[in-house]
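Below: the structure, in structure tokens.
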Amino acid sequence: MPSPLNLTRFRPRLLDAMADYNRERFFKDLGAGATVGIVALPLAMAFAIASGLKPEAGIWTAIIAGFLISLLGGSAVQIGGPAGAFIVIVYGIVERYGVANLLIATACAGVLLFAAGLFGLGRLVRFVPLSIVVGFTNGIAVLILLSQLKDLLGLSVEKMPADVFSQLHAMALRIGTFNPYAFALGVVCVAGLVLWPRLPRLPLHLARTRAVQMASRVPGPIVALVTLTLVSWGFALPVETIGTRFGGIPEGVPGFALPDFSWETVKQLVTPTLTIALLGAIESLLCARVADQLSGQPRHDPNQELMAQGIANIVTPFFGGMPATGTIARTVTNIRSGGNSPVAGIVHAVTLMVVVLLAAPLARHVPLAVLAGILVFVGLNMGEWREFTPGQLRHFSRHYRLLMLGTFFLTVVFDLTVAVQVGIVLACALFIRRMSGLFSVELETLQPPVLTYRIYGALFFGAAAKLDEAVNAAERAPRGMTVVLDATHLIYLDATGIDALRQLHRAVLARDGALRLESLQPQPREVIERSGFAEELAAGRPHATEG
């Protein structure tokens, strides 16, 4: 693990990219950044609205956080901004604590993320088991899909509660307000997003034309947003829009404002802060790993990435923003569009700002059902549904299935914080059980006056009880017996293991015998010497405090 206080190695990937930067790479980044900036517009608005915030909160988070993450981050191609994974978390925080406290929790989470990178903890995120990641990712995807039912069906629900069952109950009570026009726009949006990339491959003569081939390269969310907004506005469809709900999007740059901060408030926001920080770290570093695999760029620096994510989340709340992290969909779009350095991410933020400042008045006509359709498509693509099929589940161990399905159900029924906490505790318990199962003590020879055992695996707190059989045998052994432990295959020893060895030593000495440890590996030898147990063995007596 890297040494503490990594601040002296604060080196954004942008500095490395500039070493051999040229005009060709710039034009690739320019095209990729402009494409991602356009794609980010509908997603940023949709994520903010679904989180219970105004659309401009998502837009300016994408601009400010996206710029800072690319400028200071440890990945060459990752795009930062608001993410679908935060929708459920942010909505719950807004409902329970209010928007002002969300901003404080986000800034505090940014401090934690920066500190995690500063102290070199970025690599620890890789220790989160894949089963937990798959479980909560699928759980979040389900919650995103459920959260969009209200706008997709055009239901008139005055205030949506935070938990899933209360949401379903509230929508069931208002099912009579179903709006077929909104539902039609949402369904057409989802269908269009599914079919649009496949258009050139359809068995139609028109699909083979050069014009269609070129048009299919335009990002699907932009096509859906523009065409369906024009249909809704042109036919004056009676559907809810950004304008009818929020009054539109402010045309200027948001002002800097300090939230009402106090230490008493911070203490009440410990759980939301930890949730945002944990989810932000996991999402950003998982996204960066995916980017490494797809782009062929040098591997990202996880600690630098966490520090950049921390700075972005500290800054954006002062402009009314929401939590930000690495975003897989926009990162993949960046890579496929030719992005090859952090410059593409900077261009994406600038492009988005220019589009918003020029086209903010037009956004008031965007139907909320269309944004809901875009998020339904995001949720469908976000979930790793194949992992839940019976055929795939059969390939996993019972431990893996328990962790994955347990995390999934806890995420849906309770919340992500509970799911991840319980999942990690359960993963640790299962790991301890599995490791203790690998430890064994086998009787090798019994040739008085020598009793020899061979020990395998790790002698730690989860397996120390397995040495009791040797202790009982020593207590029944003839006087003067020498007990030998062949530790050739002992790979790890902890303080509880030392205590178990001391118990065996006392039992042997009580029968006027001796205990010898042979063929020690470096780690067990170091622990034995550091604990003073080596001196006890040499002296033939237990530690003074042991009586």
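Just so we're aligned: 320 in my numbering is position 224 of the sequence shown, and the numbers increase by one with no gaps anywhere. From the three backbone atoms N, C-alpha and C, an ideal C-beta is built for every residue, glycine too.
Roughly how many whole angstroms lie between the Cα atoms of residue i and residue j?
{"i": "Arg-385", "j": "Arg-432", "result": "16 Å"}
{"i": "Gly-288", "j": "Gly-133", "result": "21 Å"}
{"i": "Val-349", "j": "Gly-162", "result": "16 Å"}
{"i": "Thr-371", "j": "Gln-389", "result": "27 Å"}
{"i": "Leu-402", "j": "Arg-219", "result": "10 Å"}
{"i": "Pro-618", "j": "Gly-628", "result": "16 Å"}
{"i": "Pro-545", "j": "Arg-490", "result": "52 Å"}
{"i": "Phe-414", "j": "Ala-181", "result": "22 Å"}
{"i": "Leu-476", "j": "Ala-468", "result": "12 Å"}
{"i": "Arg-529", "j": "Gly-558", "result": "7 Å"}
{"i": "Ile-624", "j": "Ala-610", "result": "17 Å"}
{"i": "Met-97", "j": "Leu-381", "result": "Legend: pLDDT at Met-97 = 44, less than 50; position of this residue unreliable, value from coordinates given subsequently. If I take the Cα positions, the gap works out to 16 Å."}
{"i": "Gly-351", "j": "Lys-124", "result": "33 Å"}
{"i": "Val-508", "j": "Leu-586", "result": "43 Å"}
{"i": "Phe-215", "j": "Gly-417", "result": "26 Å"}
Let me confirm a value: residue i is counted as buried when at least 16 other C-beta atoms fall within 10 Å, else exposed. Which label applies?
{"i": "Ile-160", "result": "buried"}
{"i": "Arg-602", "result": "buried"}
{"i": "Leu-454", "result": "exposed"}
{"i": "Gly-376", "result": "buried"}
{"i": "Asn-568", "result": "exposed"}
{"i": "Gly-392", "result": "exposed"}
{"i": "Leu-354", "result": "exposed"}
{"i": "Met-577", "result": "buried"}
{"i": "Ser-437", "result": "buried"}
{"i": "Phe-505", "result": "exposed"}
{"i": "Asp-511", "result": "buried"}
{"i": "Pro-178", "result": "buried"}
{"i": "Ile-271", "result": "exposed"}
{"i": "Thr-421", "result": "buried"}
{"i": "Gln-488", "result": "exposed"}
{"i": "Ser-166", "result": "buried"}
Is the separation between the beta-carbon of residue i and that of residue j shorter than 9 Å?
{"i": "Leu-126", "j": "Val-439", "result": "yes"}
{"i": "Leu-542", "j": "Asp-590", "result": "no"}
{"i": "Cys-204", "j": "Val-362", "result": "yes"}
{"i": "Pro-398", "j": "Gly-213", "result": "yes"}
{"i": "Ile-470", "j": "Ala-237", "result": "no"}
{"i": "Met-620", "j": "Ala-570", "result": "Strictly speaking, residue 620 in this sequence is Pro, with Met absent from that position. Taking 9 Å as the Cβ cut-off, Pro-620 and Ala-570 do not qualify as a contacting pair."}
{"i": "Ile-318", "j": "Pro-138", "result": "yes"}
{"i": "Glu-565", "j": "Ile-551", "result": "no"}
{"i": "Thr-500", "j": "Val-230", "result": "At residue 500 the sequence reads Met, which differs from the Thr that was named. Yes."}
{"i": "Val-135", "j": "Thr-429", "result": "yes"}
{"i": "Ile-228", "j": "Gly-519", "result": "yes"}
{"i": "Leu-249", "j": "Val-466", "result": "no"}
{"i": "Ala-158", "j": "Ala-140", "result": "yes"}
{"i": "Ala-128", "j": "Gly-435", "result": "yes"}
By alpha-carbon positions, which one of the options ends up nearest to residue i?
{"i": "Arg-294", "options": "Val-314, Gly-392, Val-322 and Gly-339", "result": "Val-314"}
{"i": "Ala-130", "options": "Gly-441, Arg-219 and Asp-259", "result": "Gly-441"}
{"i": "Val-604", "options": "Tyr-588, Ser-615 and Ala-573", "result": "Ala-573"}
{"i": "Glu-480", "options": "Val-253, Phe-352, Leu-226 and Arg-550", "result": "Leu-226"}
{"i": "Ala-560", "options": "Thr-578, Leu-321 and Asp-595", "result": "Asp-595"}
{"i": "Gly-206", "options": "Ala-373, Leu-563, Ile-520 and Gly-351", "result": "Ala-373"}
{"i": "Arg-460", "options": "Ala-113, Arg-105, Lys-150 and Ala-128", "result": "Lys-150"}
{"i": "Leu-547", "options": "Ile-528, Arg-575 and Gly-553", "result": "Arg-575"}
{"i": "Ile-378", "options": "Ala-158, Val-322, Ala-635 and Phe-232", "result": "Phe-232"}
{"i": "Phe-535", "options": "Arg-497, Arg-395 and Gly-593", "result": "Gly-593"}
{"i": "Leu-291", "options": "Gly-434, Tyr-496, Phe-473 and Glu-120", "result": "Phe-473"}
{"i": "Ala-258", "options": "Ile-228, Gly-194 and Arg-270", "result": "Gly-194"}
{"i": "Gly-343", "options": "Ala-387, Ala-311 and Leu-464", "result": "Leu-464"}
{"i": "Tyr-588", "options": "Ser-312, Thr-503 and Leu-616", "result": "Leu-616"}
{"i": "Val-579", "options": "Gly-282, Tyr-117, Lys-562 and Leu-633", "result": "Leu-633"}
{"i": "Gly-636", "options": "Glu-622, Arg-612 and Arg-626", "result": "Arg-612"}
Is residue i near the ligand FMN, in the sense that its beta carbon is under 8 Å from a heavy atom of that ligand?
{"i": "Ala-161", "result": "Among the ligands in the structure shown, none appear at all, so the ligand FMN cannot be discussed."}
> Pairing CB atoms from the segment 242-249 with CB atoms from the segment 260-268, are three or more of them under 8 Å?
Replying inline: A contact between stretches requires three or more CB pairs, one per stretch, nearer than 8 Å, and the segment 242-249 meets this requirement with the segment 260-268.
> Within the chosen definition, does the segment 274-294 reach the segment 330-350 through at least 3 CB pairs nearer than 8 Å?
Replying inline: By the Cβ test, the segment 274-294 is in contact with the segment 330-350, since at least three Cβ pairs between them sit closer than 8 Å.
>> Under 8 Å: do the segment 349-362 and the segment 480-489 share three or more Cβ pairs, one atom per stretch?
In response: Contact between the segment 349-362 and the segment 480-489 is absent: fewer than three C-beta pairs spanning the two stretches fall below 8 Å.
> Hey, is the segment 407-414 in contact with the segment 444-460, meaning 3+ C-beta pairs nearer than 8 Å?
Replying inline: The segment 407-414 is not in contact with the segment 444-460.
> Are the segment 168-180 and the segment 194-202 in contact at 8 Å, needing three or more beta carbon pairs?
Replying inline: Touching, no, given that fewer than three Cβ pairs across the two stretches are closer than 8 Å.
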